[in-house]
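Chemist: Okay, handing you the structure first.
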Amino acid sequence: MQAAPPTTGSSAPVIEVRDLVARYGEREILHGVSFSVRRGEIMVVMGGSGSGKSTLLRHLLGLERAASGSIRVLGHEITGMSETGLYELSRRIGVAFQGGALFSSMSVGENVMLPLRERTRLDRETMRIMMRLKLEVVNLAGFEDLMPSELSGGMTKRAAFARAIIMDPAILFCDEPSAGLDPVVSSALDELILRLRDALGTTIVVVTHELESAFRIADRITVLDRGHVLLVGSVDEVRRSGNPRIRNLLERRF
Amino acid sequence: MAAPGSPPPLRAIEELGRATLRSVDWVGRGALLLLDSLEWIALGRRRGQALRAAPVFSEMMQIGVRALPIVSLLAATVGVMLAIQGIYQLRRFGAEGQVVIGVTFGMTREFAPLITGILVAGRSGSALAARLATMTISQEVDALRVMGINPVRFLVVPSLLAMLFVLPALVVWADLVSLLAAGVYVSSELGMTLQAFAIQTLDLLAAADVLHGVWKSLFFAVLVALIGIVDGAAVRGGAEGVGRVTTNSVVHGITAIVLTDMLFVFATTR
Chain A
6 MQAAPPTTGS
16 SAPVIEVRDL
26 VARYGEREIL
36 HGVSFSVRRG
46 EIMVVMGGSG
56 SGKSTLLRHL
66 LGLERAASGS
76 IRVLGHEITG
86 MSETGLYELS
96 RRIGVAFQGG
106 ALFSSMSVGE
116 NVMLPLRERT
126 RLDRETMRIM
136 MRLKLEVVNL
146 AGFEDLMPSE
156 LSGGMTKRAA
166 FARAIIMDPA
176 ILFCDEPSAG
186 LDPVVSSALD
196 ELILRLRDAL
206 GTTIVVVTHE
216 LESAFRIADR
226 ITVLDRGHVL
236 LVGSVDEVRR
246 SGNPRIRNLL
256 ERRF
Chain B
46 MAAPGSPPPL
56 RAIEELGRAT
66 LRSVDWVGRG
76 ALLLLDSLEW
86 IALGRRRGQA
96 LRAAPVFSEM
106 MQIGVRALPI
116 VSLLAATVGV
126 MLAIQGIYQL
136 RRFGAEGQVV
146 IGVTFGMTRE
156 FAPLITGILV
166 AGRSGSALAA
176 RLATMTISQE
186 VDALRVMGIN
196 PVRFLVVPSL
206 LAMLFVLPAL
216 VVWADLVSLL
226 AAGVYVSSEL
236 GMTLQAFAIQ
246 TLDLLAAADV
256 LHGVWKSLFF
266 AVLVALIGIV
276 DGAAVRGGAE
286 GVGRVTTNSV
296 VHGITAIVLT
306 DMLFVFATTR
C-alpha cells in the first residue's frame, strides 16, 4: 500500500507537462501548456473560470485524453496509456474533489476505507485502524459513522482529503479546496494541506481560483489564463509580475 | 452544424440525420456497456477486481422485494380486467367458460412480463438513471476512476445482475397473483369453483408458456439496466439535467420493452 519507489531519480520532476493541447470536440481549451512539479512541493495551478485549469486537472488525472503533447506522472507517460497502466498508477495518486465526491450511500468511514477495500487485501480491522488514523489527521476523529449528507461543507472536504490520502499517495491533487467555504474554514483547510506536505512529504498539486489561499500554501504557482501558461514561479515572482493579464488577475481578486 | 442559410427542407433533413446519428451513438453505448459488463463478470477476479455479492443483494432487495406489493396489485388488477373482457367477448358465443384459456395464456405469455417490465422500468430504471446522473455531476464517477475502481464493475454490473435475477422472479410471482385474482373473479362470476379454475389452468399451461414470459423478462432486465445507465451517464447540467435524463430513461425503457416484446413474440410465436 505504500507508494512504490520512484521509477526515476529523485531529482526528476514528479509531474512534467509539455506542450499539452486539450480539445473538447472542436473547441481547443489548452493551447500548448508546459510546466513541471518537483518532488515534495506544493504547486498551485491558478486561474479564473475559463482558464482551462479544470481541464488541465482532468488530463493530469487521466480522466481525459490529450489531443497532443506529453504528460509524465511519476516517470510514466500517461497520454495514450492503457487502462491497466492508469489502474496501476492510480494506486499512487490521491484526489480531493471540489465537492468532496463522497459516496452518499456509504458512511464517512466506509468512504475513507473504500480504496483500501477495493485495492488491498488488508483485513477489516486493519482497514478500520487506518481509516481512523486518517480521520484523525484531518481532524474528523469520531465522525466515521456519519453519512456524508450529515457533514458541513468543510467537514465534507476534510473527509475527502482523508479518503485521498488513505493509500499514502505520492501525489495529492486538490481541486478548489477552499471554494464555497467561509474564510475561517478555508484557512483551516490550507493549514491541513501544509501539514500533509510536512508530515508525509507528499507532492501536492492544488487547482484553485482563490488568490489568498494560493499565496498562503504555494511553493510555486502556475498561472493559467485562457489556455496558456502565463508564468510558473514563486509566490513573490507572481506578486511582482508585470504581466498585465496577471496584474489584472491579482488586482481584481477574481 | 446546420448552415444558417439552409432552406427549411434541408434543415429538416439535417436534423433527421443528426437524430439518427444520436440514436446510433446511444445504441452503440448500450452495446459497449453490455460487452464491458460481461467482460467484468467473466474476468473481474483475474483483474484483481472481483465482483461483490453484497451490492447485488442490496440491489435485488431494492428492485425486487420492495416492488412486490405494487407488482402484486397491478398483476391482480390486470388478471381481473382480462377476465372481465374475456367473459364479455366470449359471451357472444356462449363460451364464457373458455375465458380460462385467454386469461392463462394472456397473463403468462404477455401481460405479466410486460406489466412487470414496465413497472421496473418506471421504478428502478429511472432510479438507476437518477443515481448515475447525480454521481456523474458530483464527480463520484470520476472519484471512482481515479481510485482505480472501474465504474462499470462497481456501479453497472451489480445493477445488471440484480435486474437479471429479480425480473424473472417477479414475472413468475405476477403470473401466480394474476391467475389467482382472475380465478377468484371468474369463479364468482361464472359460478365455477376456484378449484375447477385452477385445474383447468394447470391443465392448459405448459412450462413453455411460463418460460416464454420468463425469457422475455431477461431481455427486459438487460434493457432497463442499460438504458437507465446510458441515459443517466449522459447527463448535462445540474439538477435540471438529472430530471431530464430520468424522464428519458423511463420513456426509452418502456418503448424498448414494448418493441422488444413485439419482436420476441414475432420471432418465437408464429
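Heads up: the protein sequence lines correspond to chains A and B, in order. The letter at position 198 of the first sequence is residue 203 when you use my numbering, and the numbering goes up by one with no holes. The letter at position 201 of the second sequence is residue 246 when you use my numbering, and the numbering goes up by one with no holes. Every residue gets a Cβ at the ideal spot worked out from N, C-alpha and C, and that includes glycine.
1) Using a Cβ-Cβ cut-off of less than 7 angstroms, list which residues of the segment 24-49 of chain A approach chain B; keep chain order.
2) Is B/H257 helix, strand or coil when you go by DSSP?
3) If you draw a straight line from the C-alpha of A/G52 to the C-alpha of A/L254, how long is it?
4) Can you name the residues of chain B whose CB is closer than 8 angstroms to the CB of A/R96?
5) Between B/E185 and chain A, is the shortest Cβ-Cβ distance under 7 angstroms, so that the two count as touching?
6) Which residues, in chain order, does the segment 148-178 of chain A contribute to contact with chain B at a C-beta distance below 7 angstroms?
7) Report the residue ranges of all beta strand (DSSP E) runs contained in full by the segment 17-92 of chain A; include only those spanning at least 3 residues, in chain order.
8) Quick check: the Cα distance between B/F210 and B/I302, rounded to an integer number of angstroms?
9) Sort B/M152, B/Q107, B/D248 by Cα distance to B/M126 and report the nearest one.
10) Buried or exposed: where does A/L229 fall if 16 or more other Cβ atoms within 10 Å of its Cβ makes it buried?
11) Determine which residues of the segment 99-110 of chain A have a Cβ less than 9 angstroms from any Cβ of chain B, and write them out in chain order.
12) A/L99 bridges to which residues according to DSSP?
13) Please confirm whether B/A188 has its beta-carbon closer than 7 angstroms to some beta-carbon of chain A.
14) Any contact of the segment 93-106 of chain A with the segment 180-188 of chain B, i.e. 3+ C-beta pairs under 8 angstroms?
15) Report the rounded CA-to-CA distance for B/F150 versus A/E149, giving the unit in angstroms.
16) Under three-state DSSP, which class holds B/I194?
17) Locate the beta strand (DSSP E) running through A/D150, then write down its first and last residues.
18) Is A/R221 near A/D241, with beta carbons less than 7 angstroms apart?
19) Between the segment 211-219 of chain A and the segment 168-181 of chain A, do three or more beta carbon pairs fall short of 8 angstroms?
20) Quick one: what's B/V216 bridged to in DSSP?
21) Using a Cβ-Cβ cutoff of less than 8 angstroms, which residues in the same chain neighbour A/P10 once the five nearest sequence positions on both sides are dropped?
22) Nearest-angstrom Cα distance between A/V143 and A/L197?
23) Which residues, in order along the segment 117-151 of chain A, keep a beta-carbon less than 8 angstroms from a beta-carbon of chain B?
24) Report the residues of the segment 206-217 of chain A with a CB closer than 8 angstroms to any CB of chain B, ordered along the chain.
25) Going by the CB atoms, is the gap between B/V269 and B/A174 shorter than 7 angstroms?
26) Please go through the same chain and pick out, in chain order, the residues whose beta-carbon is closer than 7 angstroms to the beta-carbon of B/A157, but skip the five residues on each side of it.
27) Which word fits B/L159, buried or exposed, when buried means at least 16 other C-beta atoms lie within 10 angstroms of its C-beta?
28) Quick one, are the C-beta atoms of A/V117 and A/S73 less than 7 angstroms apart?
29) In whole angstroms, what separates the C-alpha of B/L79 from that of A/S110?
30) Taking CB distances under 7 angstroms as the criterion, tell me whether A/P11 reaches chain B.
31) Taking the continuous beta strand (DSSP E) assigned at A/D230, which residues delimit it?
32) What are the boundary residues of the beta strand (DSSP E) that A/G238 is part of?
33) For chain B, is any of its Cβ atoms less than 7 angstroms away from the one on A/L68?
34) Express the C-alpha separation of A/G90 and A/A8 in angstroms, rounding to a whole number.
35) Could you tell me whether the segment 264-279 of chain B touches the segment 292-307 of chain B, where touching means 3 or more Cβ pairs closer than 8 angstroms?
36) When the distance is taken between beta carbons, is A/A169 closer than 7 angstroms to A/V100?
Modeler: In brief:
1) Of all residues in the segment 24-49 of chain A, none places a beta-carbon less than 7 angstroms from a beta-carbon of chain B.
2) Sequence index remark: in the second sequence, residue 257 of chain B carries index 212 (1-based). Collapsing the DSSP output to three states places B/H257 in a helix.
3) Taking the first sequence and counting its residues from 1, the one referred to as residue 52 of chain A is at position 47. Taking the first sequence and counting its residues from 1, the one referred to as residue 254 of chain A is at position 249. For A/G52 and A/L254, the distance between alpha carbons rounds to 8 angstroms.
4) Indexing the first sequence from 1 puts residue 96 of chain A at position 91. Residues of chain B passing the Cβ test: G193.
5) The count along the second sequence starts at 1 and reaches residue 185 of chain B at position 140. So yes, B/E185 belongs to the interface.
6) Only those residues of the segment 148-178 of chain A whose C-beta falls short of 7 angstroms from the nearest C-beta of chain B would be listed, and there are none.
7) Listed in chain order, the beta strand (DSSP E) runs fully inside the segment 17-92 of chain A are 20-29, 32-42, 47-51, 73-78, counting runs of at least 3 residues.
8) Locating residue 210 of chain B in the second sequence gives position 165, counting from the first residue. Locating residue 302 of chain B in the second sequence gives position 257, counting from the first residue. So the alpha carbons of these two residues sit roughly 17 angstroms apart.
9) For the purposes of this step, residue 126 of chain B is taken as residue 81 along the second sequence, with counting starting at 1. Closest option to B/M126, judged by alpha-carbon separation, among B/M152, B/Q107, B/D248: B/M152.
10) Start at 1 with the first residue of the first sequence, and residue 229 of chain A comes out as number 224. Using a 10 angstroms sphere on the CB of A/L229, the tally of other CB atoms reaches 16 or more, which defines it as buried.
11) So the list reads G99, V100, F102, Q103, G104, G105, A106, L107, F108, S109, S110, given in the order they occur along the chain.
12) As a position in the first sequence, residue 99 of chain A is number 94, starting the count at 1. Looking at the sequence itself, residue 99 of chain A is Gly, so the reference to Leu does not match. Partner(s): A/L177.
13) As a working mapping, residue 188 of chain B is identified with position 143 in the second sequence. Between B/A188 and chain A, the shortest Cβ-Cβ separation is below 7 angstroms.
14) Flag = yes, the segment 93-106 of chain A and the segment 180-188 of chain B touch.
15) For the purposes of this step, residue 150 of chain B is taken as residue 105 along the second sequence, with counting starting at 1. For the purposes of this step, residue 149 of chain A is taken as residue 144 along the first sequence, with counting starting at 1. Here the alpha carbon of B/F150 sits roughly 54 angstroms from the alpha carbon of A/E149.
16) Working through the second sequence from its first residue, we reach residue 194 of chain B at position 149. Coil.
17) Here the question's residue 150 of chain A lines up with position 145 in the first sequence. Counting along the chain, A/D150 falls outside any beta strand (DSSP E), and DSSP gives it neither H nor E.
18) On the first sequence, residue 221 of chain A is found 216 positions in, with the first residue counted as 1. On the first sequence, residue 241 of chain A is found 236 positions in, with the first residue counted as 1. No.
19) Under the 8 angstroms Cβ criterion, the segment 211-219 of chain A counts as touching the segment 168-181 of chain A, having at least three qualifying pairs.
20) On the second sequence, position 171 is the one that residue 216 of chain B refers to. BP columns for B/V216 are empty, so no partner.
21) Taking the first residue of the first sequence as position 1, residue 10 of chain A is located at position 5. Unreliable positioning characterises A/P10 in this predicted model, as indicated by a pLDDT of 45, which lies under 50. A coordinate reading is not provided.
22) For the purposes of this step, residue 143 of chain A is taken as residue 138 along the first sequence, with counting starting at 1. For the purposes of this step, residue 197 of chain A is taken as residue 192 along the first sequence, with counting starting at 1. Roughly 7 angstroms separates the two Cα atoms.
23) For the segment 117-151 of chain A, the set of residues with a beta-carbon nearer than 8 angstroms to any beta-carbon of chain B comprises L119, P120, E123, R124, in chain order.
24) Listed in sequence order: no entries.
25) Your numbering for residue 174 of chain B matches position 129 in the second sequence. Your numbering for residue 269 of chain B matches position 224 in the second sequence. Taking 7 angstroms as the Cβ cut-off, B/A174 and B/V269 do not qualify as a contacting pair.
26) Within the second sequence, the letter at position 112 stands for residue 157 of chain B. If we look at B/A157 and ignore the five residues flanking it on each side, its Cβ neighbours are A120, V216, A219, D220, S223, G258.
27) The count along the second sequence starts at 1 and reaches residue 159 of chain B at position 114. Only buried fits B/L159, as 16 or more other CB atoms lie within 10 angstroms of its CB.
28) Residue mapping note: residue 117 of chain A aligns to position 112 of the first sequence, counting from 1. Residue mapping note: residue 73 of chain A aligns to position 68 of the first sequence, counting from 1. No, Cβ-Cβ distance for A/V117 and A/S73 is not below 7 angstroms.
29) Here the question's residue 79 of chain B lines up with position 34 in the second sequence. Here the question's residue 110 of chain A lines up with position 105 in the first sequence. Answer to the nearest angstrom: the Cα atoms are 25 angstroms apart.
30) The residue labelled residue 11 of chain A in the question sits at position 6 within the first sequence. Bear in mind that a pLDDT of 44 at A/P11, under 50, signals an unreliable position, so the number given afterwards is only what the model happens to contain. Interface flag for A/P11 against chain B is unset, since no Cβ pair is found closer than 7 angstroms.
31) The count along the first sequence starts at 1 and reaches residue 230 of chain A at position 225. For A/D230, the enclosing beta strand (DSSP E) has its first and last residue at 225-230.
32) Along the first sequence, read from residue 1 onward, the residue named residue 238 of chain A stands at position 233. 233-238 is the extent of the beta strand (DSSP E) around A/G238.
33) Within the first sequence, residue 68 of chain A is the residue found at index 63, counting from 1. Yes, A/L68 lies at the interface with chain B (some Cβ there is under 7 angstroms from its Cβ).
34) On the first sequence, position 3 is the one that residue 8 of chain A refers to. On the first sequence, position 85 is the one that residue 90 of chain A refers to. Per-residue confidence for A/A8 stands at a pLDDT of 45, beneath the threshold of 50, marking its modelled position as unreliable; no derived number is given.
35) Three or more Cβ pairs drawn from the segment 264-279 of chain B and the segment 292-307 of chain B lie within less than 8 angstroms of each other, which places the two stretches in contact.
36) Sequence index remark: in the first sequence, residue 100 of chain A carries index 95 (1-based). Sequence index remark: in the first sequence, residue 169 of chain A carries index 164 (1-based). Yes. Within cutoff.
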